[in-house]
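Number of protein chains: 2
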Amino acid sequence: MEPATPSIFYEAYIFDLDGTVYLGEALLPTAGETITSLRSLNKRTVFLSNNPTHTRHDYAAKLTRLGLPTPPEDIINSSVVMVDFLRRRLPQARLFVIGEAPLQAELAAAGFELVDEAGWVDAVIASFDRTFVYRKLQIAFDAIRAGARFFATNADRYCPVPGGGEPDAAAIIAAIEACTSTKVEAVVGKPSPWMAEAILGLLNLPPDRCLMTGDRLETDVQMGLNAGMAAALTLTGA
Amino acid sequence: MEPATPSIFYEAYIFDLDGTVYLGEALLPTAGETITSLRSLNKRTVFLSNNPTHTRHDYAAKLTRLGLPTPPEDIINSSVVMVDFLRRRLPQARLFVIGEAPLQAELAAAGFELVDEAGWVDAVIASFDRTFVYRKLQIAFDAIRAGARFFATNADRYCPVPGGGEPDAAAIIAAIEACTSTKVEAVVGKPSPWMAEAILGLLNLPPDRCLMTGDRLETDVQMGLNAGMAAALTLTGA
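Following this line, the structure appears as structure tokens:
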């Protein structure tokens, strides 16, 4: 069977990564061919992830390794959006980050001071953190009760891994919300408008010229539609 | 002013501890005198705590030190109730306990096998745990996704300490619920019916002969009223 040729083309194609382009270390069926075809037609391809435990350089290297050479600039994840979000709103903020080393490094590289003394914290950043310990919960509790703001990179319940999953940022956010009785103010990852803004800023295109493709209705498709893009759901992922 | 003499007496007086009888290492005003007077009138006095990080022996020693000699048997906390709850329902259960050493010791002493291999876990017990680390969240996640039951000792948001608070079991429960999308099945501490049952079993009295006194409407007073006891609110605590 010949693959169907679409009757409509967009200027830019935005892809979720995990569960849409690849799963673990393997491209999903037809994902590579689709992206390569679109590029050969001079369409722009960019990639999104909610996962802040890798940098855009890590994702670029992975796509390149899987046969889809991609520059880091064509990748946006929730830590990139968090840096942008904080730069615009709280450029001088001292941050207490519940997150892994790559997120901490990106925030520090953007000029934010990272602190862990509750009284000094302007904002608590909750994220996917496999190095989470009670002491971090205590600092977040003390800081938020003393007036610190409370933001999160993403709200995924768990991160799929071969054979199971790893508790993701939703668990960290819920723990802090439960003990402080304070709701997170903003989650910048999908399906937030801040993530959509970051993509459209990168593409410099009106949303109706873009197609968002992902494997989760409540994040990928929701965000695309909210932002005025076309959206497509793959049935390959979560 | 003379203290008022009550016009009604009960057979038994049940007191919450933290914020009702004492705060930190000091008795609250009139608490000691009230309890001593009731005892001199041959009324039964028993004590309750949701906090599973101390044993009933610890609480008895503390009350005795503060001038209110009390045997361990007259104290019920959420770990005592958890032991009873599990003995009746899941006597052979292998448990993964997210809790501190005293809770683990009480469950082990009651004959339960404590395990931390997710595939072996029959029930996850969530509790107040200042030794909480991500690995425990991962084990709870894997165990519950594989079918383990999910119970908690108490659902307090934070434990008041001088000058602030410590994130309590509500944070642990919320983290597990958020990543597993599974609600805790039972929380045995106040205001649960299991805690009320444990007290009435200890007292061997009908509920309307008992007065429950505490500093929290949503735990102490709620539990007393639900169980058919009279209930009084002190304004000394949380």
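Just so you know, the sequences run in chain order Y and H. In this text, residue positions in the first sequence follow our numbering: the first is 1, and each later residue adds one. In this text, residue positions in the second sequence follow our numbering: the first is 1001, and each later residue adds one. Heads up, the beta-carbon is just placed ideally off N, CA and C, and yes, glycines get one too. As the structure is a computational prediction, the values presented were derived from the model and not from experiment.
The region 92-108 of chain Y and the region 44-54 of chain Y touch, with three or more beta-carbon pairs separated by less than 8 Å. Thr45 of chain Y sits in a strand when the DSSP states are folded into three classes. Using a CB distance cut-off of 8 Å, Glu1117 of chain H does not count as an interface residue toward chain Y. In the DSSP assignment, Asn1077 of chain H falls within the beta strand (DSSP E) that extends over 1075-1077. Between Phe1141 of chain H and Tyr158 of chain Y, the beta carbon gap of about 7 Å places them in contact (Cβ cut-off 8 Å). In the three-state reduction of the DSSP assignment, Thr213 of chain Y falls in the strand class, which pools E and B. By the C-beta criterion, the region 1036-1050 of chain H is judged to be in contact with the region 1005-1021 of chain H, since at least 3 inter-stretch pairs fall below 8 Å. In the DSSP secondary-structure assignment, Cys1159 of chain H is bridged to H:Glu1166. For the pair of segments examined, the region 213-228 of chain Y was found not to touch the region 64-77 of chain Y: the number of CB pairs separated by less than 8 Å stays below three.
Bounds of the alpha helix (DSSP H) holding Ile139 of chain Y are 134-145. With a cut-off of 8 Å on Cβ pairs, the region 59-68 of chain Y is not in contact with the region 111-118 of chain Y, counting fewer than three such pairs. Counting other Cβ atoms within 10 Å of its Cβ, Gly1201 of chain H stays below 16 and is therefore classed as exposed. If you check each beta-carbon in the region 125-142 of chain Y against every beta-carbon of chain H, the ones closer than 8 Å belong to Asp129, Arg130, Thr131, Phe132, Val133, Tyr134, Leu137, Gln138, Phe141, Asp142. The count of Cβ pairs closer than 8 Å, one atom from the region 1175-1187 of chain H and one from the region 159-175 of chain Y, reaches three, so the stretches are in contact. Under the Cβ criterion of 8 Å, Gly1165 of chain H is counted among the residues facing chain Y. Within the model, the alpha-carbon separation for Ala1152 of chain H versus Val121 of chain Y is close to 32 Å. Here the alpha carbon of Ala232 of chain Y sits roughly 27 Å from the alpha carbon of Ser127 of chain Y. Within 10 angstroms of the beta-carbon of Arg1089 of chain H lie fewer than 16 other beta-carbons, which makes it exposed. For Ala12 of chain Y, no CB of chain H lies under 8 Å from its own CB, so it is not counted at the interface with that chain.
Around the Cβ of Pro1191 of chain H, a 10 Å sphere holds 16 or more other Cβ atoms; the residue is buried. Glu1073 of chain H and Leu1203 of chain H have their C-alpha atoms roughly 11 Å apart. For Leu1090 of chain H, there is no enclosing beta strand (DSSP E), since its DSSP letter is neither H nor E.
At least 8 Å separates the beta-carbon of Met1229 of chain H from that of Met1195 of chain H.
Put simply, the CB of Ser49 of chain Y is far from chain H, with every gap to its CB atoms at 8 Å or more. Against chain Y, the CB of Glu1177 of chain H has a partner CB under 8 Å away; the residue lies at that interface. Around the beta carbon of Asp208 of chain Y, fewer than 16 other beta carbons sit within 10 angstroms, so the residue counts as exposed. Boundaries of the alpha helix (DSSP H) harbouring Tyr59 of chain Y: 56-65, taken from the DSSP string.
When CB distances to chain H are screened at a threshold of 9 Å, not a single residue of the region 81-110 of chain Y falls below it.
Of all residues in the region 20-38 of chain Y, none places a beta-carbon less than 7 Å from a beta-carbon of chain H. In the DSSP assignment, Leu235 of chain Y falls outside any alpha helix (DSSP H) and carries neither an H nor an E.
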